[in-house]
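For reference, the structure is listed below as structure tokens.
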Ligand code: HAM
């Protein structure tokens with residue numbers, strides 16, 4: 350038997366109801382905030398991701414599904430959505446009509462990481478971006494929207510961690526301080542961090558290896574070296590979040606795994622997911638649009654890990670499964686063909702109906718109706734056929750009535766609440 354690929358998964362009926370609930374809640378909320386959906390390709394030129402996310406990041410170095418297509422061009426299954434959204438913003442000159450674009454994407458991403466709880470090789474993201482706004486109000490709105498979405502989905506213990514990564518004016522100074530600090534401790538760092546401390550020293554700050562954590566205790570804080578405009582921006586974010594009663598923690602070690610960020614960055618972390626504690630992450634990336642060949646437009650955004658959100662949501666799929674409104678139990682060929690027409694007509698009218706397509710006994714059809722939790726049953730056996738009236742039963746109240754065959758669809762349409 351051919352099994353699915355390691356780190357990939359099926360989302361089956363019974364589980365998918367929760368995914369639908371999350372997706373519908375996010376769509377409604379985002380659209381109320383003025384976001385529009387955009388659909389972007391699953392595959393892009395490799396260069397788009399390596400340039401945006403950064404050559405030295407773990408994603409580009411070791412996690413991308415990259416391969417030459419049949420003509421030898423290097424293509425990559427998207428590991429995230431931000432780079433593609435920015436490409437699309439530039440390619441379709443969206444900025445010309447209106448530089449401010451609020452866009453969202455829901456879909457699968459691919460990263461060849463080591464699979465474990467909360468970490469998959471095909472995972473899903475709910476991604477939202479605000480392009481063309483420099484004001485920290487955009488970042489605040491994104492964090493506010495995330496917190497509200499998590500509360501609508503009954504996520505407990507979700508806490509925003511925020512930080513500022515400075516800008517090209519103030520970050521180099523911090524990088525130099527950090528590099529000096531790390532070089533004194535190189536013998537205590539893991540081999541990845543020794544490499545990072547030269548090429549991408551900020552990434553050492555969020556290494557999960559306990560020895561590295563110990564070695565960097567007391568490392569300089571980026572928040573002590575922010576330039577005035579970055580500090581002012583970050584202060585506004587903090588003040589406004591407080592005014593909006595959003596609890597957060599400032600985490601100067603929050604450096605994110607992608608290179609395009611500047612200024613405010615954030616993650617929503619939860620204690621309920623073990624090592625994979627980030628349910629969402631994002632921040633400002635003011636240089637990316639220009640770096641990819643577009644105009645000088647600022648931008649900010651986030652992505653939620655859909656799989657992780659499904660794990661921490663207080664909703665359980667079994668509470669969301671909708672049982673049929675009506676089960677039609679028919680006996681014999683003639684009854685079954687009448688029932689089949691009813692079933693089709695009623696489904697079109699928005700009544701969720703079910704029937705048996707095999708030659709099962711009435712008893713086993715009733716058992717099936719019970720198992721499905723059908724709210725009503727309509728019975729058309731030999732007797733009912735002879736009488737010219739079907740038996741309609743409310744499974745909760747056990748009330749029953751007879752309905753003349755020619756009136757079944759109309760009557761049931763009125764009797765079943767939707
Ligand atoms: P990211 O932090 O790489 O950011 O991913 C965002 C979220 O996706 C993570 O917090 C996590 O919940 C989920 N995630 C990442 N990798 C996996 C995985 N292997 N399995 C399951 N879930 C995963 C980004 O992708 C940025 N594009 C976010 C962004 C948008 N920044 C600005 N705009």
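Residue numbers (our numbering): 350 to 767. Note that CB positions come from ideal geometry on N, CA and C, so glycine has one too. Computed from a predicted model, the values in this text were never measured in an experiment.
Straight-line Cα distance separating residue 397 from residue 768: Any question about residue 768 goes unanswered here, given that the chain covers just 350 to 767.
Neighbour-count burial assignment, residue 579, 16 or more Cβ in a 10 Å radius: Around the beta carbon of residue 579, 16 or more other beta carbons sit within 10 angstroms, so the residue counts as buried.
3-residue-minimum beta strand (DSSP E) runs that sit fully inside the region 438-513, ordered along the chain: 450-459, 471-480 and 507-513
Check whether residue 489 and residue 590 have beta carbons under 9 Å apart: yes
Sequence-distant residues of the same chain with beta carbon closer than 8 Å to residue 528, five excluded per side: 546, 547 and 550
Segment contact, 8 Å Cβ cut-off, at least three pairs: the region 607-625 with the region 495-514: In this structure the region 607-625 lies against the region 495-514, because at least three pairs of beta carbons, one per stretch, are closer than 8 Å.
Proximity below 9 Å, CB of residue 723 to CB of residue 705: no
Inter-residue CB distance, residue 429 and residue 458 (contact presumed, cutoff 8 Å): 6 Å
Cβ-heavy atom distance, residue 608 to the ligand HAM, below 8 Å: Outside the cutoff, so no.
Distance cut-off 8 Å: residue 371 Cβ against heavy atoms of the ligand HAM: no
Pairwise C-alpha distance: residue 658 and residue 692: 37 Å
Residue 377 (DSSP reduced to helix, strand or coil): Correct three-state label for residue 377: helix.
Cβ contact check for the region 561-568 and the region 529-542: 3 or more pairs under 8 Å: yes
Distance, residue 626 Cα to residue 496 Cα: 16 Å
With 16 other Cβ atoms within 10 Å as the buried cut-off, status of residue 644: exposed
Under the three-state DSSP convention, the category residue 746 falls into: coil
Whole-angstrom distance between residue 474 and residue 501, CA atom to CA atom: If you draw a straight line from the Cα of residue 501 to the Cα of residue 474, it comes to about 18 Å.
Closest by C-alpha distance to residue 453, when choosing among 522, 517 and 381: 381
9 Å Cβ cutoff met for residue 647 and residue 432: No, the Cβ-Cβ distance between residue 647 and residue 432 is not below 9 Å.
Whether residue 401 touches residue 603 by CB criterion (9 Å): no
Bridge-paired residues (DSSP) for residue 692: Answer is none; residue 692 lacks a bridge partner.
Residue 654 Cβ short of 8 Å to the ligand HAM heavy atom set: yes
Check: residue 528 C-beta below 8 Å from any heavy atom of the ligand HAM: no
Bridge partners - residue 618, DSSP secondary structure assignment: Within the DSSP secondary-structure output, residue 618 pairs in a beta bridge with 508 and 627.
Closest residue to residue 504 among 620, 713 and 703 (Cα-Cα distance): 620
For residue 654, the first and last residue of its enclosing alpha helix (DSSP H): Segment 648-654 is the beta strand (DSSP E) holding residue 654; no alpha helix (DSSP H) there.
Residues bridged to residue 679 [DSSP beta-bridge criterion]: Residue 679 pairs with 729.
Residue 408 versus residue 765 - alpha carbon distance: Distance between the alpha carbons of residue 408 and residue 765: 53 Å.
The region 352-368 / the region 409-426 touching (three or more Cβ pairs under 8 Å): no
Cut-off 8 Å between Cβ atoms - residues of its own chain near residue 494, not counting five sequence neighbours on either side: Cβ neighbours of residue 494 beyond the five flanking positions: 378, 379, 382 and 477.
Through-space distance from residue 721 to residue 701, alpha-carbon basis: 12 Å
Burial state of residue 559, where buried means 16 or more other Cβ atoms lie within 10 Å: Per the 10 Å Cβ criterion, exposed.
Secondary structure of residue 657, DSSP reduced to three states: helix
Anticipated Cβ contact below 8 Å, residue 742 with residue 752, distance rounded: Residue 742 to residue 752, Cβ: 11 Å. No contact.
Same chain, Cβ closer than 8 Å to residue 622, five either side skipped, listed in chain order: Here the set comprises 466, 467, 628, 657, 660 and 661.
Residue 666 burial status per 10 Å Cβ neighbour count (16 or more: buried): buried
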